[in-house]
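K.L.:
Letter by letter, the sequence shown follows residues 1 to 457 in UniProt numbering. Cβ atoms here follow ideal geometry from the backbone N, Cα and C, with glycine treated the same way. None of these values were measured; they are calculated from a predicted model.
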Amino acid sequence: EMLSRCRDGPGTQLHSKEYRAITDIRTVPQEGILDSSYFPGHSQMLSTEIPEDADPEDLKRDMESQLRLCQELYRKSATAYPIVPDDKDEKIMLSPMPSAKQKDVLVKLQSPRREFAPQPIHLITGKKAVKTRWSDPKILDWEYCPAAIYDVKLYHERFQNWLENTIECARTVDIFHQAFFNGTAHADGQISMFMLDMRNHDVHLDPDDKESWSYAHESAAGYCCNIVLQNKKALEEQELRKQLERKRQFEAQQLQPPRTPTSPVANIYLRPVEPKDVPQLREIYNWYAGYSIDSPNTEDLDEDEVRQRVEDTRNANLPFIVAIDRRSASTDTEKILGYALAREFDRHHLAHQFTAELEVYVKDGHKRLGIGRCLLDKLLEVCDPTYVPKPGYRFEAKREDRSGYYGGGRRKLARLIFTLCYVDQKEITDHTNVKNWLREYAGFEEQGLLRGIRVKN
Numbered sequence: 001e002m003l004s005r006c007r008d009g010p011g012t013q014l015h016s017k018e019y020r021a022i023t024d025i026r027t028v029p030q031e032g033i034l035d036s037s038y039f040p041g042h043s044q045m046l047s048t049e050i051p052e053d054a055d056p057e058d059l060k061r062d063m064e065s066q067l068r069l070c071q072e073l074y075r076k077s078a079t080a081y082p083i084v085p086d087d088k089d090e091k092i093m094l095s096p097m098p099s100a101k102q103k104d105v106l107v108k109l110q111s112p113r114r115e116f117a118p119q120p121i122h123l124i125t126g127k128k129a130v131k132t133r134w135s136d137p138k139i140l141d142w143e144y145c146p147a148a149i150y151d152v153k154l155y156h157e158r159f160q161n162w163l164e165n166t167i168e169c170a171r172t173v174d175i176f177h178q179a180f181f182n183g184t185a186h187a188d189g190q191i192s193m194f195m196l197d198m199r200n201h202d203v204h205l206d207p208d209d210k211e212s213w214s215y216a217h218e219s220a221a222g223y224c225c226n227i228v229l230q231n232k233k234a235l236e237e238q239e240l241r242k243q244l245e246r247k248r249q250f251e252a253q254q255l256q257p258p259r260t261p262t263s264p265v266a267n268i269y270l271r272p273v274e275p276k277d278v279p280q281l282r283e284i285y286n287w288y289a290g291y292s293i294d295s296p297n298t299e300d301l302d303e304d305e306v307r308q309r310v311e312d313t314r315n316a317n318l319p320f321i322v323a324i325d326r327r328s329a330s331t332d333t334e335k336i337l338g339y340a341l342a343r344e345f346d347r348h349h350l351a352h353q354f355t356a357e358l359e360v361y362v363k364d365g366h367k368r369l370g371i372g373r374c375l376l377d378k379l380l381e382v383c384d385p386t387y388v389p390k391p392g393y394r395f396e397a398k399r400e401d402r403s404g405y406y407g408g409g410r411r412k413l414a415r416l417i418f419t420l421c422y423v424d425q426k427e428i429t430d431h432t433n434v435k436n437w438l439r440e441y442a443g444f445e446e447q448g449l450l451r452g453i454r455v456k457n
């Protein structure tokens, strides 16, 4: 199966541009370089086929000699010096002659390199260095000194000594060769580059083996090319599917759910509160604090105080839901038309941990549109695992928030409380309507009436 995948693609098709590019790399002219045809092909240099009776020292010497020859191939290959244009749109050109700066680099390349041999720290400072182990925590900050090292100055001196020695004996690799720029040279991982003997060698195939003749033009590079292209195509198709799925979800969000008797008049959807909602929540909160008897609050809150209330609700594993105008979903700023939350009834006494007080507020000018009914319905679903939610609205939540807004939520509650306020007989009608609505819609029962306990101007 894998072989069929490797052969499926332009990397094994004779007339494709990918195959021609592979062939061009394999047939780069190598005139004037050392002939290596008298020893086994370099493709065997890293072969794992080792005779059982082979001596390790002999194998090491053979490998080193072959590597030196490959390095010699690179040193004797044609030189080339890059010319970097000032314009980014222009291509880098190769010149046979070095520039003034490149000549300075060539001088450094020809100078002898000093092996790494840092001086012992006690010869520099006269103090004994503290030993460290590989198991010690990694030090990322150069100015940081581990607690185990009592002398900070000594530690910095030791580090500076190591850094200077390391920089001084860093390897400078000669890249001024055409083989480096056309990709036929490889880094040896030590001091230089090496170049394999990539000249075409005659391969004699069995004339009776028809299958070998059919695939004689194929190469490992062509196989790799095909696999890379297939993987790239698979990723593009996967990304396209994701984009189509996101588009489908976005279009679905723009559609209202089927209308039911409990559907709101307003075109809204619900979601959990987010940090960006704080300014609009503050606006609704402060309006009720200043102009409505429905809220017992009398003082305005700033954004930090509202943000803290949101965090307190989350930390208590209680829900905080906002109603969003669906028509503003495509803009940068979503318009909040109301919010609902459950908060601690009395967080100072553990005996009240199974009781929560509910709050539902609708923005002024958007009442009697079914917004409060939807907020209350979702709030009860989260707080009461026995409550059966009513259809007609959409609730959307991020993956990490969904578990806290399933039926029953993240916290077990036994009692849910609403506190309703009214001023004598002036607002008794609205008070009675809300009380009847809570009883008929959600089954709330009146537990008591406290007279004259609040004052609000």
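Is it true that the CB of residue 413 sits closer than 7 Å to the CB of residue 320?
P.N.:
For the purposes of this step, residue 320 is identified with residue 320 of the sequence shown, where counting begins at 1. For the purposes of this step, residue 413 is identified with residue 413 of the sequence shown, where counting begins at 1. Contact flag unset, no.
K.L.:
Helix or strand or just coil, what does DSSP make of residue 359?
P.N.:
Counted from its first residue, the sequence shown places residue 359 at position 359. If DSSP states are grouped into helix, strand and coil, residue 359 belongs with the strands.
K.L.:
Cβ of residue 269 within 7 Å of Cβ of residue 326?
P.N.:
Residue 269 sits at position 269 when you count from the first residue of the sequence shown. Residue 326 sits at position 326 when you count from the first residue of the sequence shown. Residue 326 sits close to residue 269, with the two beta carbons spaced by under 7 Å.
K.L.:
Okay, do the stretch 4 to 12 and the stretch 216 to 223 touch, 3+ Cβ pairs below 8 Å being the bar?
P.N.:
With the rule of 3 Cβ pairs closer than 8 Å, the stretch 4 to 12 counts as touching the stretch 216 to 223.
K.L.:
Is it right to say residue 458 is buried, meaning 16 or more other beta carbons lie within 10 angstroms of its own, or is it exposed?
P.N.:
This structure leaves residue 458 out entirely; the chain is present only between 1 and 457.
K.L.:
Assess, as a yes-or-no matter, whether the stretch 304 to 312 is touched by the stretch 430 to 447 under the definition of 3 or more beta carbon pairs within less than 8 Å.
P.N.:
No: fewer than three Cβ pairs fall under 8 Å.
K.L.:
Is DSSP giving residue 263 helix, strand or coil here?
P.N.:
Start at 1 with the first residue of the sequence shown, and residue 263 comes out as number 263. DSSP places residue 263 in coil when its eight states are reduced to three.
K.L.:
For residue 22, which option in 160, 152, 235, 183 has the closest C-alpha, if you only look at C-alpha atoms?
P.N.:
The sequence position of residue 22 within the sequence shown is 22, counting from 1. Among 160, 152, 235, 183, the Cα nearest to that of residue 22 belongs to 183.
K.L.:
Looking at residue 279 and residue 397, is the spacing between their C-beta atoms short of 7 Å?
P.N.:
As a position in the sequence shown, residue 397 is number 397, starting the count at 1. As a position in the sequence shown, residue 279 is number 279, starting the count at 1. In this structure, residue 279 does not lie closer than 7 Å to residue 397 by Cβ.
K.L.:
Need the endpoints of the alpha helix (DSSP H) that residue 272 sits in, please.
P.N.:
Within the sequence shown, the letter at position 272 stands for residue 272. Per DSSP, residue 272 belongs to no alpha helix (DSSP H); it is in the beta strand (DSSP E), 268 to 272.
K.L.:
Would you report the Cα separation of residue 438 and residue 445, rounded to the nearest angstrom?
P.N.:
What you label residue 438 is simply residue 438 of the sequence shown in a count that begins at 1. What you label residue 445 is simply residue 445 of the sequence shown in a count that begins at 1. Going from the Cα of residue 438 to the Cα of residue 445 covers about 8 Å.
K.L.:
Where residue 451 and residue 421 are concerned, what is the direct C-alpha to C-alpha distance, given to the nearest angstrom?
P.N.:
As a first step, residue 451 is located in the sequence shown; it is residue number 451 there, counting from the start. As a first step, residue 421 is located in the sequence shown; it is residue number 421 there, counting from the start. In this model, residue 451 and residue 421 are separated by some 10 Å (Cα to Cα).
K.L.:
Let me know the beta strand (DSSP E) ranges lying completely inside the stretch 345 to 423, each 3 residues or longer, listed in chain order.
P.N.:
355 to 362, 415 to 417
K.L.:
Hey, how far is the Cα of residue 185 from the Cα of residue 193?
P.N.:
For this step, residue 185 is matched to residue 185 along the sequence shown. For this step, residue 193 is matched to residue 193 along the sequence shown. Each residue's Cα considered, the two are about 6 Å apart.
K.L.:
Pairs of beta-carbons, one from the stretch 383 to 392 and one from the stretch 293 to 300, closer than 8 Å: are there three or more?
P.N.:
no
K.L.:
At a cut of 8 Å, does the stretch 356 to 372 reach the stretch 279 to 292 through at least three beta carbon pairs?
P.N.:
yes
K.L.:
Suppose you measure from the CA of residue 286 to the CA of residue 360; what does that come to, to the nearest Å?
P.N.:
As a position in the sequence shown, residue 286 is number 286, starting the count at 1. As a position in the sequence shown, residue 360 is number 360, starting the count at 1. Taking the straight line joining both Cα atoms gives about 14 Å.
K.L.:
Please return the same chain residues whose Cβ sits closer than 7 Å to the Cβ of residue 369, not counting the five positions on each side in sequence.
P.N.:
If you number the sequence shown from 1, residue 369 lands on position 369. Within its own chain, the residues whose Cβ lies closer than 7 Å to the Cβ of residue 369, once the five positions on either side in sequence are excluded, are 264, 265, 266, listed in chain order.
K.L.:
Terminal residues of the continuous beta strand (DSSP E) containing residue 324?
P.N.:
Indexing the sequence shown from 1 puts residue 324 at position 324. Per DSSP, the unbroken beta strand (DSSP E) holding residue 324 starts and ends at 320 to 325.
K.L.:
What is the rounded straight-line gap between the Cα of residue 94 and the Cα of residue 82?
P.N.:
Working through the sequence shown from its first residue, we reach residue 94 at position 94. Working through the sequence shown from its first residue, we reach residue 82 at position 82. Using only the alpha carbons, I get a separation of about 5 Å.
K.L.:
Would the beta-carbon of residue 415 fall within 7 Å of that of residue 296?
P.N.:
The sequence position of residue 415 within the sequence shown is 415, counting from 1. The sequence position of residue 296 within the sequence shown is 296, counting from 1. Contact flag unset, no.
K.L.:
Residues bridged to residue 79 by DSSP?
P.N.:
Position 79 of the sequence shown holds residue 79. DSSP, once it has assigned bridges, lists 177 as partnering residue 79.
K.L.:
Thinking C-alpha only, which one of 322, 60, 239, 77 is nearest residue 176?
P.N.:
In the sequence shown, the residue the question calls residue 176 occupies position 176. Ranking 322, 60, 239, 77 by Cα distance to residue 176 puts 77 first.
K.L.:
Please report the residue range of the beta strand (DSSP E) in which residue 2 lies.
P.N.:
Working through the sequence shown from its first residue, we reach residue 2 at position 2. Bounds of any beta strand (DSSP E) do not take in residue 2; it lies within the alpha helix (DSSP H) bounded by 2 to 7.
K.L.:
Could you say which of 153, 75, 166, 236 lies nearest to residue 178 if we only look at CA atoms?
P.N.:
Position 178 of the sequence shown, counting from 1, holds the residue named residue 178. Closest by alpha carbon: 75.
K.L.:
Whole angstroms is fine: what's the gap from residue 216's alpha carbon to residue 1's?
P.N.:
As a first step, residue 216 is located in the sequence shown; it is residue number 216 there, counting from the start. As a first step, residue 1 is located in the sequence shown; it is residue number 1 there, counting from the start. Rounded to whole angstroms, residue 216 to residue 1 spans 20 Å at the Cα level.
K.L.:
Quick one: what's residue 336 bridged to in DSSP?
P.N.:
As a working note, residue 336 is residue 336 in the sequence shown. According to DSSP, residue 336 bridges with 324.
K.L.:
Can you confirm whether residue 415, when its beta carbon is compared against all beta carbons of chain D, has any partner nearer than 7 Å?
P.N.:
The chain inventory of the structure shown lacks chain D, comprising one protein chain alone.
K.L.:
Please report the straight-line C-alpha distance between residue 209 and residue 218, rounded to a whole angstrom.
P.N.:
Walking along the sequence shown from the start, residue 209 turns up at place 209. Walking along the sequence shown from the start, residue 218 turns up at place 218. Rounded to whole angstroms, residue 209 to residue 218 spans 16 Å at the Cα level.
K.L.:
Looking at the structure shown, is residue 156 part of a helix, part of a strand, or coil, going by DSSP?
P.N.:
In the sequence shown, residue 156 corresponds to position 156, counting from 1. Reduced to three states, the DSSP call for residue 156 is helix.
K.L.:
Applying the 10 Å Cβ sphere with the 16-neighbour rule, what's the burial state of residue 448?
P.N.:
Residue numbering aside, residue 448 sits at position 448 when the sequence shown is read from its first letter. With fewer than 16 other Cβ atoms within 10 Å, it is exposed.
K.L.:
Measure the CB-CB distance between residue 172 and residue 101 and report whether it falls below 7 Å.
P.N.:
Along the sequence shown, read from residue 1 onward, the residue named residue 172 stands at position 172. Along the sequence shown, read from residue 1 onward, the residue named residue 101 stands at position 101. It is not a contact, given that the beta carbons lie outside the stated cut-off.
K.L.:
Spatial neighbours of residue 277 within its chain, please: C-beta separation below 7 Å, excluding the five flanking residues on both sides.
P.N.:
Start at 1 with the first residue of the sequence shown, and residue 277 comes out as number 277. Excluding sequence neighbours, residue 277 sits near 322, 336.
K.L.:
Starting from residue 187, trace the beta strand (DSSP E) in both directions and tell me its first and last residue.
P.N.:
For the purposes of this step, residue 187 is identified with residue 187 of the sequence shown, where counting begins at 1. From DSSP, the beta strand (DSSP E) with residue 187 extends over 185 to 187.
K.L.:
Determine the direct distance from the alpha carbon of residue 233 to that of residue 462, and round the result to whole angstroms.
P.N.:
Here the chain covers residues 1 to 457 and nothing more, so residue 462 does not appear.
K.L.:
Run the CB neighbour count on residue 356, radius 10 Å, all protein chains shown included, and call it buried at 16 or more, exposed below.
P.N.:
In the sequence shown, residue 356 corresponds to position 356, counting from 1. By the neighbour-count rule (16 or more Cβ atoms within 10 Å), residue 356 is buried.
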